[in-house]
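Just so you know, the sequences run in chain order A and B. Residue numbers 3 to 252, in the working numbering, belong to the letters of the first sequence in order. Residue numbers 71 to 218, in the working numbering, belong to the letters of the second sequence in order.
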Amino acid sequence: MKKTKLLWGMPITVEIVDEDVSKKDVDSVYEYFHYIDKVFSPYKKESEVTKINLHLISEKDYSDDIKTVLALCEDTKQKTNGHFDVYRYGKLDPSGFVKGWAINEAYKMLKKRGFKNFYIDAGGDIQVSGKNKEGHNWIIGIRNPFNRYENVKILKINEEGVATSGTYIRGQHIYNPFLPSQKLTDVVSFTVIGPNIYEADRFATAAFVMQEKGIYFIEKLKGFEGYMIDKFGISTSTSGFDKYVYDKKN
Amino acid sequence: MKKVLLSLFIIVSFLIYALRQKGGNSSVSNNQTGSLNNGIPSTVLGNSTSANMNYKEGTYTGSTVDAFYGNVQVQIVIKSGRIADVQFLQYPNDRSRSIEISNAVMSMLRKEAIQAQSAQVDIVSGASDTSQAFIQSLDSALIKANSN
Chain A
3 MKKTKLLWGM
13 PITVEIVDED
23 VSKKDVDSVY
33 EYFHYIDKVF
43 SPYKKESEVT
53 KINLHLISEK
63 DYSDDIKTVL
73 ALCEDTKQKT
83 NGHFDVYRYG
93 KLDPSGFVKG
103 WAINEAYKML
113 KKRGFKNFYI
123 DAGGDIQVSG
133 KNKEGHNWII
143 GIRNPFNRYE
153 NVKILKINEE
163 GVATSGTYIR
173 GQHIYNPFLP
183 SQKLTDVVSF
193 TVIGPNIYEA
203 DRFATAAFVM
213 QEKGIYFIEK
223 LKGFEGYMID
233 KFGISTSTSG
243 FDKYVYDKKN
Chain B
71 MKKVLLSLFI
81 IVSFLIYALR
91 QKGGNSSVSN
101 NQTGSLNNGI
111 PSTVLGNSTS
121 ANMNYKEGTY
131 TGSTVDAFYG
141 NVQVQIVIKS
151 GRIADVQFLQ
161 YPNDRSRSIE
171 ISNAVMSMLR
181 KEAIQAQSAQ
191 VDIVSGASDT
201 SQAFIQSLDS
211 ALIKANSN
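Below you can see the structure in the form of structure tokens.
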């Protein structure tokens, strides 16, 4: 069963291949994402994040999910030497972080429901599980940042998360915490494959902020591979990236 | 030996790339103007959107649609009942388009010019996009092309 809905301002697709799937199972993912939006969106007047920014809630009254996310954000900030920061000009905006985290939580939910073969794709950030309809590993294209109708790499993924960060399509929604007004333009697309989408997404965002140095950062991270494309259309990949590249022979 | 081969590979790919840039017919730079300045290749739209439809000749502007990080608005040109061109009037993009060769940092990491791949895929990974907003704006332009 496959469904796509527009949520968080982007298309979100859930496909569950397992036979015993019901509409309720797929919908549970969207219900969870709706809830996440209500709590974390800085664009919604009634969200907890908005209330925190307006100082309407004190820290001791934060919900458990907010506390969890803030702790994880702090952890990410340290692991990326400050290149990941959810406070922009003093305002809390975890929307870039929450997406990967929430996809991973939904992935765990589906696993708990007993599903083995599925994927969740929120605006190009992907968590896969098991096999596709044909019984093969999931085949994922990395989109050409210069032409949305083309893929420039094809990956074969089994249980990992794949996230791509870029400013190309949406303009500048990612910024450098050290220089918030500086435009990030040398690297236009940064893809990270990691053990899950939460890990892949947070490090893809940080690596993108680091621009050309980001690929060295990913190279040093154990269990992660990266693929970046610069503004001239030159790609750079980490040394172990090729093991994920799809080869028709296997 | 491996290092020598790798550096050779890097140098050769750079030379090829530099030559293509100079010649001005690099597939990469063509794609860049093709996808951003001219919108969507008309062949793609001609096949998918205008099948079995006869739109009236003219230029139509779609509504402005909020795409979360900016607005999307398209303008279409109808010729002989088909979409001949799509232009973006508004697009949330401020990427610098200036092309200049920077001082490339050589590294042990694999560098290559990107190339289109044709294999069928299950899912696509890319920066979150504005396709939904694009479709909405395009739809509203097509409605105008039908009723005028």
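Every residue, glycine too, gets a C-beta built ideally from N, C-alpha and C.
Annotation: the continuous beta strand (DSSP E) that includes glycine 128 (chain B) extends over 128-131. Counting along the chain, the unbroken alpha helix (DSSP H) around methionine 212 (chain A) starts and ends at 199-212.
Interface with chain A (9 Å Cβ-Cβ cutoff): leucine 159 (chain B) is excluded. One finds nothing in chain B with a Cβ atom closer than 9 Å to the Cβ of threonine 52 (chain A); even the nearest lies about 16 Å away. When Cβ-Cβ separations below 9 Å define contact, glycine 196 (chain B) makes contact with chain A. Within its own chain, the residues whose Cβ lies closer than 6 Å to the Cβ of asparagine 55 (chain A), once the five positions on either side in sequence are excluded, are Lys93, Leu94, listed in chain order.
A check of alpha carbon separations from valine 190 (chain A) across A:Ile144, A:Asn119, A:Phe117 identifies A:Ile144 as the nearest. Inclusion of tyrosine 125 (chain B) and glycine 151 (chain B) in the CB contact set at 9 Å is warranted, their separation being smaller than that value. With a threshold of 16 other beta carbon atoms within 10 Å, serine 43 (chain A) meets it and is buried.
With a 10 Å radius around the Cβ and a threshold of 16 neighbouring Cβ atoms, glycine 137 (chain A) comes out exposed.
Secondary-structure assignment with DSSP links proline 13 (chain A) through a beta bridge to A:Leu8.
Asparagine 153 (chain A): member of the beta strand (DSSP E) spanning 149-159, first to last residue.
Rounded to whole angstroms, the gap between the alpha carbons of isoleucine 148 (chain B) and glutamine 157 (chain B) is 12 Å. The beta-carbon distance between alanine 197 (chain B) and serine 237 (chain A), rounded to whole angstroms, is 15 Å. This is too long to meet the 8 Å contact definition. Residue burial annotation: glutamine 129 (chain A) is buried, with at least 16 other C-beta atoms found within 10 angstroms of its C-beta. Contact between serine 131 (chain A) and glutamate 161 (chain A) is confirmed by a C-beta separation of about 6 Å, below the 8 Å threshold.
By the CB criterion at 9 Å, asparagine 146 (chain A) and isoleucine 184 (chain B) fall inside the cutoff.
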